[in-house]
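Enquirer:
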Amino acid sequence: MSLRVFVPCETTALSLGAEDVATLISREAAARGLKIELVRNGSRGLFWLEPLVEVDDGTGRRAFGPVEPGDVASLLDSHFGDDHPLALGPTDELPWLKKQQRVTFARLGVTDPVSLDDYRATGGFDGLHHALELTPQQLVDRVKASGLRGRGGAAFPTGIKWQTVLDAAGAQKYIVCNADEGDSGTFADRLVMECDPYMLIEGMIIAGLAVGATQGYIYLREEYPLAHRHLDLAIARAEAAGYLGNNIQNSGRAFALEVRLGAGAYICGEETSLLESLEGKRGMVRAKPPLPAIEGLFGLPTVVNNVLSLAAVPSILRDGPEHYAGFGVERSRGTLPFQLAGNIAQGGLVELAFGHSLRELIEDFGGGSASGRPVRAVQVGGPLGAYLSPAQFDTALDYEAFSAIGAVLGHGGVVVFDDSVDMAEQARFSMEFCVEESCGKCTPCRIGSTRGVEVIDRIMRGENRDANMALLEDLCDTMIQGSLCAMGGMTPFPVKSAYTLFPEDFQRQGGEA
Amino acid sequence: MRACRVVTTPGQERPGLTHCKWRWFDAPPAPFYKVDTVMDETQAGVLDTVETIVTSLKHKPGALLPILHGIQDHFGYIPDVAIGVIARHLRSTAADVHGVVSFYHYFRSEQPGRHVVELCRAEACQARGARALESHAKARLGVDYGQTTADRSITLKPVYCLGNCATGPSVRVGEQIKGRMDPARFDRLVDDLTTYKLELN
Chain X
7 MSLRVFVPCE TTALSLGAED VATLISREAA ARGLKIELVR NGSRGLFWLE
57 PLVEVDDGTG RRAFGPVEPG DVASLLDSHF GDDHPLALGP TDELPWLKKQ
107 QRVTFARLGV TDPVSLDDYR ATGGFDGLHH ALELTPQQLV DRVKASGLRG
157 RGGAAFPTGI KWQTVLDAAG AQKYIVCNAD EGDSGTFADR LVMECDPYML
207 IEGMIIAGLA VGATQGYIYL REEYPLAHRH LDLAIARAEA AGYLGNNIQN
257 SGRAFALEVR LGAGAYICGE ETSLLESLEG KRGMVRAKPP LPAIEGLFGL
307 PTVVNNVLSL AAVPSILRDG PEHYAGFGVE RSRGTLPFQL AGNIAQGGLV
357 ELAFGHSLRE LIEDFGGGSA SGRPVRAVQV GGPLGAYLSP AQFDTALDYE
407 AFSAIGAVLG HGGVVVFDDS VDMAEQARFS MEFCVEESCG KCTPCRIGST
457 RGVEVIDRIM RGENRDANMA LLEDLCDTMI QGSLCAMGGM TPFPVKSAYT
507 LFPEDFQRQG GEA
Chain Y
863 MRACRVVTTP GQERPGLTHC KWRWFDAPPA PFYKVDTVMD ETQAGVLDTV
913 ETIVTSLKHK PGALLPILHG IQDHFGYIPD VAIGVIARHL RSTAADVHGV
963 VSFYHYFRSE QPGRHVVELC RAEACQARGA RALESHAKAR LGVDYGQTTA
1013 DRSITLKPVY CLGNCATGPS VRVGEQIKGR MDPARFDRLV DDLTTYKLEL
1063 N
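The listed protein sequences correspond, in order, to chains X and Y.
Heads up: the first sequence is residues 7 to 519, going by the numbering used here.
Heads up: the second sequence is residues 863 to 1063, going by the numbering used here.
Here it is as structure tokens:
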């Protein structure tokens, strides 16, 4: 058996030089007359070790990383030996991977993302074949029994949403996948689309069968060019193999799928704004009701689900809802992929059942800050999530425990800051981001955010600090109570947590900060 | 839009117009869509291309975003003359189409530099020094966000998250995303983008 060498084709690995590494490995191997099979797999999600090169000589995969172009010659000279300084040992034995509970991400980095054979060989489409034998109501019941809640942030029970669309009357129904992953510190959706696109496609087909929808759209953000390429390729191959189209696996059932690109608007991650954008309009938020499940895309019943919710569906169908519900605690069932980001020594994707602590995530998996300085603040749940201080790190990672401390788990993004952070600047940025990204439909968000930046500027300059702090508090409450959607309604969360937990940063003398 | 054939380039000598009611203007007020109005061959070519792109995509439900992407992929921006063509085909109005173009950060109405360099400003990159990189980049290029260098080689843009959050600060150039960017690596990147390499054998 010739040596198989795996070099990830995934954005983070590529951003650190994986393409050069792959080219050099081919060239150096040829120069040495060494026969290798180069496989472009996805990433395993151990981003601090990227580019992570794996080799398999028939005895299992062994990892090397981080491999820079300059290391390639010595790696080949050593015949990828275990004594090479970059050798990490068998990939599956890496403690960082072994401690995880990879359910949705079981295939991550293992396979060639766009290979149908790889996908089928690892249990792909088993869920779909099972789904084709069930009635729509049975399918919806399976998803309900799994306890799956929307992974986009709002955590609404997926099965109930599907039931509403199944029960709604409509000549045409739609499945819309929200792949507008705009939250800073999140990349799990991107990893699904870049490294395991067939899983998302399979989840969407099953959703279509469950609610009677024959058309699906993946609304993908423009900032993800590689995900776009992999999805388009995967959809074309799935079509050619009869998984999409008018006669799915000769069942007589139909489902068509298309990727639609966004155009750089954070607000389009909000579901009603996303639907407006898909209809070809400005991404302005709609008032609810009517719910998208009743009047969604083009006014017809529509399931709008996050990538991770849909990606969880194939395994729920394949292994049974009880298996999925076996993970997690209380009302947070299953697993959530946490994304360790920002100033973190060992960043990447950590899929765990709900219920572990934030401290475990940041210290055990993350290994503290990348700069080596003490961790001062952590923002969980994207730019609309609250900042947490180290005193709160023992909070359990589940939806209810987080809302009990006024925070959100959201999409599972964890952004770590060391002690060089200025929390007044961060609070100002939250408002500034809202100015930049507000759709402008409601006043508290459109005007409030601009006033928020101004008030924080005055506080930072030390002008009438007490009065301005009171004004900021009042403004935050107005935005929370009066905004139409989460953009304006949650922007105050990071702001309030910043001045509550880190008041010293708002007390500096003018000009010092 | 084909009807707008009046020359409106500001400052240009226009003897034929001196007697009209606009004569006390240096130039007549520019229409908001800034049509540079004498239809030359290139512009006719632009319109033909726009027609082709619009015709090939307009059957899609909610076709406007795919059409705008198609046009920007081709030209690098949305030429103003395209607005009217799109509106006509979609039975919409120029104002509505313009409203969509201006809503989305990605769509632009002017030709960018040869390379568009996007700096991530979001929190995860801030935690890794994106603010310092931002000021360095602006100083190095001598431009602010949304501007193009004088030699038209680089347009600088902010971006809010490239999904490369564990290895920031991140920068995007075209389809490529680059991680762990610092001022020194940024300078090398700029040098690479602005240097023409000659391969001599």
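Where is the CB? At the ideal position from N, CA and C, for every residue including glycine.
Every value quoted in this text rests on a predicted model; they were computed, and no experiment measured them.
Nearest by alpha-carbon distance to X:Ala504: which of X:Ala79, X:Ser375, X:Glu442 and X:Pro389 is it?
Expert: The shortest Cα separation from X:Ala504 among X:Ala79, X:Ser375, X:Glu442 and X:Pro389 belongs to X:Pro389.
Enquirer: Going along chain Y in order, which residues have a C-beta closer than 7 Å to the C-beta of X:Phe423?
Expert: Within 7 Å Cβ-Cβ: Ala989.
Enquirer: Can you give me the Cβ contacts of X:Gln169 inside the same chain, cut-off strictly under 8 Å, excluding the 5 residues immediately before and after it?
Expert: Excluding residues within five positions, the ones whose Cβ falls inside 8 Å are Val146 and Lys150.
Enquirer: Since X:Glu60 sits in a beta bridge, which residues does DSSP pair it with?
Expert: Answer by DSSP bridge pairing, in chain order: X:Phe12 and X:Ala69.
Enquirer: Could you tell me if X:Lys502 is buried or exposed, where buried requires 16 or more neighbouring beta carbons within 10 angstroms of its beta carbon?
Expert: X:Lys502 should be labelled buried.
Enquirer: Can you list the residues of chain X that Y:Tyr1022 reaches, using a CB-CB cut of under 9 Å?
Expert: Simply Gly188, Ser190, Glu229, Gly270, Tyr272, Pro389, Phe439, Glu442 and Glu443.
Enquirer: By the 8 Å beta-carbon criterion, what residues does the segment 1022-1043 of chain Y contribute toward chain X?
Expert: Taking 8 Å as the Cβ-Cβ cut-off against chain X, the residues of the segment 1022-1043 of chain Y that qualify are Tyr1022, Cys1023, Leu1024, Gly1025, Asn1026, Cys1027, Ala1028, Thr1029, Gly1030, Ser1032, Arg1034, Glu1037, Gln1038, Ile1039, Lys1040, Gly1041 and Arg1042.
Enquirer: Under the rule that 16 or more other beta-carbon atoms within 10 Å means buried, what is X:Tyr5, buried or exposed?
Expert: With chain X covering 7 to 519 only, the question about residue 5 of chain X has no answer from this structure.
Enquirer: Quick one: residues in its chain with C-beta nearer than 6 Å to the C-beta of X:Phe508, no 5 flanking neighbours on either side, listed in chain order?
Expert: For X:Phe508, where only same-chain residues beyond five positions count, the Cβ hits under 6 Å are Met429.
Enquirer: With a cut-off of 8 Å on the beta carbons, I'd call Y:Glu980 and Y:Lys1019 a contact; round off their distance for me.
Expert: Right, their Cβ atoms sit about 5 Å apart.
Enquirer: Any idea what DSSP makes of X:Phe508, helix, strand or coil?
Expert: Residue state, collapsed to three classes: coil.
Enquirer: Given that a residue counts as buried once 16 or more other Cβ atoms are within 10 Å of its Cβ, and exposed if not, what is Y:Ala1046?
Expert: So Y:Ala1046 ends up on the exposed side.
Enquirer: Which same chain residues end up closer than 8 Å to X:Leu250 when comparing Cβ atoms and leaving out the 5 residues on each side of it in sequence?
Expert: Closer than 8 Å at the Cβ level, and outside the excluded window around X:Leu250, lie Ile207, Ile211, Ile241, Ala244, Phe261, Ala262 and Leu263.
Enquirer: Given this structure, state the Cα-to-Cα distance separating X:Met542 from X:Cys440, to the nearest angstrom.
Expert: One cannot answer for residue 542 of chain X here, as it falls past the ends of chain X, which runs 7 to 519.
Enquirer: Does any residue of chain Y have a CB that is nearer than 8 Å to the CB of X:Ala347?
Expert: X:Ala347 counts as touching chain Y.
Enquirer: Which two residues bound the contiguous beta strand (DSSP E) that contains Y:Pro813?
Expert: Here chain Y comprises residues numbered 863 to 1063, so residue 813 of chain Y is not present and cannot be evaluated.
Enquirer: Between which two residues does the beta strand (DSSP E) holding Y:Pro1020 run?
Expert: Segment Ile1016 to Val1021, the beta strand (DSSP E) holding Y:Pro1020.
Enquirer: Quick one: Cα of X:Thr308 to Cα of X:Ser321, how far?
Expert: The straight-line gap from Cα to Cα measures roughly 23 Å.
Enquirer: So what's X:Tyr249 in DSSP terms, helix, strand or just coil?
Expert: The answer is coil: DSSP assigns X:Tyr249 none of H, G, I, E or B.
Enquirer: Helix, strand or coil, according to DSSP, for Y:Cys987 in the structure here?
Expert: Here Y:Cys987 sits in helix by DSSP.
Enquirer: Could one say the Cβ of Y:Ala986 lies closer than 8 Å to chain X's Cβ atoms, at least one of them?
Expert: With 8 Å as the cut-off, Y:Ala986 counts as an interface residue toward chain X.
Enquirer: Flag X:Leu53 as yes if its beta-carbon sits less than 8 Å from any beta-carbon of chain Y, otherwise no.
Expert: The question names Leu, but residue 53 of chain X is Phe in the sequence shown. So, interface residue.
Enquirer: Is X:Gln106 close to the ligand MN? I mean its beta-carbon at under 7 Å from any heavy atom of the ligand.
Expert: Among the components of this structure there are no ligands whatsoever, and the ligand MN is therefore not found.
Enquirer: Against chain Y, does X:Arg33 count as a neighbour if the rule is that its beta carbon must be under 8 Å from one of theirs?
Expert: It does not; no Cβ of chain Y falls within 8 Å.
Enquirer: Can you give the Cα-Cα distance for X:Val85 and X:Thr97, rounded to whole angstroms?
Expert: It should be pointed out that residue 85 of chain X corresponds to His in this sequence rather than to Val. About 17 Å.
Enquirer: In angstroms with no decimal places, state the Cα-to-Cα distance between Y:Thr1011 and Y:Thr1017.
Expert: Taking the straight line from one Cα to the other gives about 6 Å.
Enquirer: Could one say the Cβ of Y:Gly924 lies closer than 8 Å to chain X's Cβ atoms, at least one of them?
Expert: It does: the Cβ of Y:Gly924 has a partner Cβ on chain X nearer than 8 Å.
Enquirer: Does Y:Pro928 get closer than 8 Å to chain X when you measure Cβ to Cβ?
Expert: Y:Pro928 counts as touching chain X.
Enquirer: What do you get for X:Ile224, buried or exposed, if any count of 16 or more other CB atoms within 10 angstroms of its CB means buried?
Expert: Buried, because 16 or more other Cβ atoms sit within 10 Å of the Cβ of X:Ile224.
Enquirer: Within the continuous alpha helix (DSSP H) that includes X:Phe439, where are the two ends?
Expert: It spans Met429 to Glu443 - the alpha helix (DSSP H) in which X:Phe439 sits, taken as one unbroken run.
Enquirer: Check the Cβ-Cβ distances between Y:Gly975 and every residue of chain X, and say whether any is below 8 Å.
Expert: Not one chain X Cβ lies under 8 Å of Y:Gly975.
Enquirer: Within the continuous alpha helix (DSSP H) that includes X:Thr18, where are the two ends?
Expert: It spans Thr17 to Ser21 - the alpha helix (DSSP H) in which X:Thr18 sits, taken as one unbroken run.
Enquirer: Taking only beta-carbon atoms, is X:Gly289 less than 8 Å away from chain Y?
Expert: Yes, because at least one Cβ of chain Y sits closer than 8 Å to the Cβ of X:Gly289.
Enquirer: Could you check whether the Cβ of Y:Tyr895 sits closer than 8 Å to any Cβ belonging to chain X?
Expert: With a pLDDT of 45 at Y:Tyr895, under the threshold of 50, the modelled position of this residue cannot be trusted, and the question is left open.
Enquirer: Looking at X:Leu134 and X:Ala185, is the spacing between their C-beta atoms short of 8 Å?
Expert: Result no, Cβ atoms of X:Ala185 and X:Leu134 do not sit closer than 8 Å.
Enquirer: Name the two residues that bound the continuous alpha helix (DSSP H) containing Y:His951.
Expert: That run of the alpha helix (DSSP H) goes Asp942 to Leu952.
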